[in-house]
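Trainee:
Chains as they are written, first to last, in the working numbering: chain Z, 264 to 771; chain W, 4 to 345; chain P, 112 to 434.
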């Protein structure tokens, strides 16, 4: 029940944050009323977590004000923010698994008598606090002996006891099943009843519509819209998140099928428990298969299961000629002619301290084996070749790749796989965090590669992009492949509808 | 040409340090550089530094590779004792020189395999995994020598400790040869790059298809092999295997040599040559103190001071200060490029 | 049952089984006399291991303690030989020095963001070097107060003697247990071991606690040095080489996780006693050689490290299954 007449509980006014090379937040306004659950939505890099970190003092903002009850506050760190009454709970439970529940609740302000902690008083206090949250558990056991849902509730309990005005929930339900989500939601509802303002971040649309009163959508560091949840429908919400301007549609549908013949690869019943439900997929030479879905929907998991990062535990993969492929590890996948550019370039992709040349040669060298070193001259020729072809902006091939910009690192990753001459290349968010110029180049490159007969699987949250280069689009939701769009059906509208569909019904 | 320049830029701080230390010693002791030949073998302080520095230099070779993968091998001192004991036992049991050497080297490789399996397959932290052998290793060595100092007088084995080839002491030759062979293998093959890749980013390396498990095991086995060579030299030098004192605390000297050589304890880029110079620096300090008449125990304080200086120089806090004050801050200019380049 | 208790339980079971085996072969081993000797002989190790327990629970390591014990012995012996200070005055000077020494290592670890391993390695060299500087030879301690302290004991039923230093070790273990489980400092140590960043976010003062942890380890190493000097009536700069390894082994065998975050001071006492028991058994046996101690301790170390790894795996598995 938002009250628009009085001062909002918490307000961000024109908050900006600049990182070298990117504007993470660009004058964002946000307001939170007491007694409401307010969803903050956006894809990766939209600026959600930057906004949260500015609100809680984890980042120093570069511009704008934060107001609590209409008065300007300036939290210097998260503990400072706690003092103002703003508490945060993260997806990764930010408690200590090795301490007991009671210790986690009271760390930093345990009840002491003559300098000694009174365990009994501490446990009693913990039980009292948790009973308000509907939890009746043994508080003297270590936190890790409880399920993530219970840990999440304990984290919420700690945050509320310490702060008590504003509660920020950063993807608290990401690793919970539906029953556990209810446990957390019951707690959230009772806190709303008590008059707390709650910021709720989640990628699950069902949950947004179930629990929140208002939604605010960010995209590329800007505020896209802020509306009452009951006034907005799913399709419009997905459109806001993925930033598709309805009127500016460049191309309405994808390519018609290029080659219809023997498939190059066939995956049947391929999946891994807890990551991605079994799926069937066959890919032809020279085909680009797009994968659409929100973050956490199972799109990255699809790629990781295929590449053997998280090996499949059901189904099988066959080549066009019927031979079964062994895909138990990345090495197996590479031996089968696969390549994989992961989403997180920094931790999974580039080797930051190695040079551009070494990074490009790495996968090929690993495949040849350590004994037969690719001669320096060849490595340099290879690197220079791709620096030219992909237009990698670097003074020379001997520069550590960690010093290049994101777009150029992405091109180095592409080059690493292209020199291995793969027949099947998986690209996970190839254009994330890349400026417009490099963006277009990478799309052009994808089209070139498929013309040369390479098969590609491209995961992207840019639906327009998928329309532009895909021959076929798989839509992923809740760890299921829920729809497959081909030819004229590949439109952003159809994708959005499949992503937004409330139940697991196939849309074709 | 360019490669040589880069190489010199990498090792000049170590070379300079060594030169300063040797210079200081020779100013204080003008006779320092006097080298003589007696009994077909070179003598003199510089030769002494090389000769006595050989075991630590050998350990430093293996340790450099281990540290480059972001690991550490605490067991090398104990492995030295084990391999020295195996060598002494083999020769006194009359197995002949070749069989004895083969057994000692095999023992070193087995120890390395053990460490490597714990680290690469069981996923135990290197410092914890190698601690086991560090604790138990001397017991195993004593088991072999049955608690006594197992002496021998087989000329062939003694040759590895105090013999000479073309007037050059054998330990020096073994050290130089091992350093040269391993440098060649590592840099002429792709091993060097793959090891560095593992040390910088294990996950990304695995995703790029690098066989990280096998490489990690191989690196620990190399370290074990180097320790075996050092153990054979140490045993041959005193004509006996002393399970309690052979290689005692040399693992720490080896780590120190690697750190002085500029290889980061956090893994990644490494230089074997710089580590070898590091080992020589340590030995030069030892010899200098010995010559100056100070009790050799002062070494420890000097080593502590060296570690402290390196710690301060390498610490992230200092690096920020350095970038802040330097005229052409590397970080800043690259940041600029990052923003300019599309 | 709490999985964290499992290593402690395993330690206890191993100790009881080992003692039962010893008793079956040598009934004389079940006497307060043997127990008294066990406590006296391992008093210095027990004290220093308590400090090591705190360091390891916080996720660190302290390699300097063996050298600090040696330094302490030499310092006391030289001061008593060259000055007319009363031993108690020398003790307080010494404890101040070693505490400050530990605190400065903690400060370097925290402020220079350097791994504890390499910082305490420098500390190890420094302390041993200072001991050498004071005296290279063994210095005997002949002071009537020392003789008085050595004669102090409490006669246990069964003619066993609980000596002053054995009793002191038990006191340190009790005090350590209280400090670990009943004070804010103790809980902060566990919190840092569970995750330093998270602990800081939850309001644990990182700098202060890290310095206090290593200061405590320095203090207890100094105290262990005093105990060792009472035990041997001498100070020798080459003494107690490798005691840091024994202490680490005792802590791990006592059920403390080497990666930090979990452990018990009482477990460390049992770890020390297991190691002492192995030695006592070998002495009783007479035919077994002393090196089996090291090999057995190594094997125990391996078993416990694998046990801990297995526990971490099963916990993670259960989480995935449950989550």
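Every residue gets a Cβ at the ideal spot worked out from N, C-alpha and C, and that includes glycine.
Everything numeric in this text was worked out from a predicted model, so none of it was measured.
#1: Closer than 9 Å, CB to CB, is residue 298(P) near chain W or not?
#2: Against chain Z, which members of the stretch 305-326 of chain P pass a CB distance test of less than 8 Å?
#3: For residue 209(W), return the contacting residues in chain Z, with the cut-off set at a CB-CB distance below 7 Å.
#4: Between residue 536(Z) and residue 591(Z), what straight-line distance do the alpha-carbon atoms span, to the nearest angstrom?
#5: Quick check on residue 515(Z): buried or exposed, where buried means 16 or more other Cβ atoms within 10 Å of its Cβ?
#6: Since residue 347(W) meets chain Z, which of its residues come closer than 8 Å, beta carbon to beta carbon?
#7: Tell me, please, whether the CB atom of residue 123(W) is closer than 9 Å to any CB atom in chain Z?
#8: Which residues, taken in chain order from the stretch 226-241 of chain P, show a beta carbon closer than 9 Å to some beta carbon of chain W?
#9: Output, in sequence order along the chain, the residues in the stretch 611-628 of chain Z whose CB is closer than 8 Å to any CB in chain W.
#10: Under 9 Å between C-beta atoms, does residue 60(W) make it to chain Z?
#11: Do residue 68(W) and residue 315(W) have their C-beta atoms within less than 9 Å of each other?
#12: Kindly confirm or deny that the stretch 118-125 of chain P and the stretch 378-393 of chain P touch, where touching means at least three C-beta pairs closer than 8 Å.
#13: On the premise that residue 730(Z) lies in contact with residue 755(Z), defined as a C-beta separation below 8 Å, what is that separation, rounded to the nearest angstrom?
#14: How is the beta strand (DSSP E) around residue 328(Z) delimited, first residue to last?
#15: Give, in chain order, every residue of the stretch 678-693 of chain Z whose Cβ lies closer than 8 Å to some Cβ of chain W.
#16: Check this for me: beta carbons of residue 84(W) and residue 151(W), under 9 Å apart or not?
#17: Spatial neighbours of residue 416(Z) within its chain, please: C-beta separation below 7 Å, excluding the five flanking residues on both sides.
#18: For a contact defined as C-beta to C-beta under 7 Å, what are the partners of residue 273(W) on chain P?
#19: Using a Cβ-Cβ distance cut-off of 9 Å, determine whether residue 728(Z) contacts chain P.
#20: Do you know how far the Cα of residue 429(Z) is from the Cα of residue 335(Z)?
#21: Helix, strand or coil for residue 75(W)? Go by DSSP, reduced to three states.
#22: Closest Cβ-Cβ distance between residue 433(P) and chain W: below 9 Å?
#23: How far does the alpha helix (DSSP H) with residue 239(Z) in it extend, from its first residue to its last?
#24: Compare the beta carbon distance of residue 159(P) and residue 176(P) with 9 Å and say whether it is the shorter of the two.
#25: Which residues in the same chain as residue 386(P) place their Cβ atom closer than 8 Å to its Cβ, once the five residues preceding and following it in sequence are excluded?
#26: Going straight from the alpha carbon of residue 130(P) to that of residue 168(P), what length do you get?
#27: According to a CB-to-CB cut-off of less than 7 Å, which residues of the stretch 333-351 of chain Z neighbour chain P?
#28: Could you tell me which residues DSSP pairs with residue 167(W) in its beta bridges?
#29: Along chain W, which residues have their Cβ under 9 Å away from the Cβ of residue 597(Z)?
#30: Taking a cut of 8 Å between CB atoms, which residues from the stretch 193-207 of chain W lie near chain Z?
#31: Indicate whether at least one CB of chain W lies closer than 9 Å to the CB of residue 480(Z).
#32: For residue 343(P), which option in 213(P), 253(P) and 205(P) has the closest C-alpha, if you only look at C-alpha atoms?
#33: Just the Cα atoms here: how many angstroms apart are residue 249(W) and residue 302(W)?
#34: In this structure, how does DSSP classify residue 402(Z) when only helix, strand and coil are distinguished?
#35: Would you check if the distance between the CB atom of residue 138(W) and the CB atom of residue 114(W) is smaller than 9 Å?
#36: When the cut-off is 9 Å and only beta carbons count, does residue 279(Z) lie next to chain W?
Mentor: The answer reads as follows:
#1: Residue 298(P) does not count as touching chain W.
#2: Taking 8 Å as the Cβ-Cβ cut-off against chain Z, the residues of the stretch 305-326 of chain P that qualify are 305, 306, 309, 310, 312, 313, 314 and 315.
#3: Neighbours of residue 209(W) on chain Z, chain order: 593.
#4: Each residue's Cα considered, the two are about 15 Å apart.
#5: Low local confidence applies: a pLDDT of 43 at residue 515(Z) is under 50, so the model's placement there is unreliable, and no value is given.
#6: Any answer about residue 347(W) is impossible in this case: the structure gives chain W only from 4 up to 345.
#7: The C-beta of residue 123(W) comes no closer than 9 Å to any C-beta of chain Z.
#8: Answer in chain order: 226, 228, 229, 230, 232, 233, 234, 235, 236, 237, 238, 239, 240 and 241.
#9: Correct list: 611, 612, 613, 614, 615, 616, 617, 621, 624, 625, 626 and 628.
#10: Residue 60(W) does not count as touching chain Z.
#11: The Cβ atoms of residue 68(W) and residue 315(W) do not sit closer than 9 Å to each other.
#12: Using a Cβ-Cβ distance cut-off of 8 Å, the stretch 118-125 of chain P and the stretch 378-393 of chain P are in contact, since at least three pairs of beta carbons, one from each stretch, lie closer than that value.
#13: Contact flag correct, Cβ pair sits at about 6 Å.
#14: Where residue 328(Z) is concerned, the enclosing beta strand (DSSP E) stretches over 326-331.
#15: Within the stretch 678-693 of chain Z, the residues whose Cβ lies closer than 8 Å to some Cβ of chain W are 679, listed in chain order.
#16: Their beta carbons are not under 9 Å apart, which means residue 84(W) does not touch residue 151(W) by this criterion.
#17: The residues are 396, 398, 446, 447 and 450.
#18: By Cβ distance, chain P contributes nothing, its closest Cβ being about 17 Å from residue 273(W), past 7 Å.
#19: No, its Cβ sits nowhere closer than 9 Å to a Cβ of chain P.
#20: Roughly 15 Å separates the two Cα atoms.
#21: Correct three-state label for residue 75(W): coil.
#22: Confidence at residue 433(P) is low in this model, with a pLDDT of 41, below 50, so its placement is unreliable and no value can be given for it.
#23: The question about residue 239(Z) has no answer here: the residues shown for chain Z are numbered 264 through 771.
#24: It is a contact, given that the beta carbons lie within the stated cut-off.
#25: Result list for residue 386(P): 153, 156, 357, 360, 361, 364, 404 and 408, in chain order.
#26: C-alpha separation (whole angstroms): 28 Å.
#27: Here the close residues are 341 and 342.
#28: BP columns for residue 167(W) point to 172(W).
#29: Under the 9 Å cutoff, chain W gives 211 and 212.
#30: If you check each beta-carbon in the stretch 193-207 of chain W against every beta-carbon of chain Z, the ones closer than 8 Å belong to 193, 194, 196, 197, 199, 200, 203, 204, 206 and 207.
#31: Nearest CB-CB separation between residue 480(Z) and chain W: not below the 9 Å threshold.
#32: Ranking 213(P), 253(P) and 205(P) by Cα distance to residue 343(P) puts 253(P) first.
#33: Their Cα atoms are separated by approximately 18 Å.
#34: Residue 402(Z): coil per DSSP, three-state reduction.
#35: Result no, Cβ atoms of residue 138(W) and residue 114(W) do not sit closer than 9 Å.
#36: Interface flag for residue 279(Z) against chain W is unset, since no Cβ pair is found closer than 9 Å.
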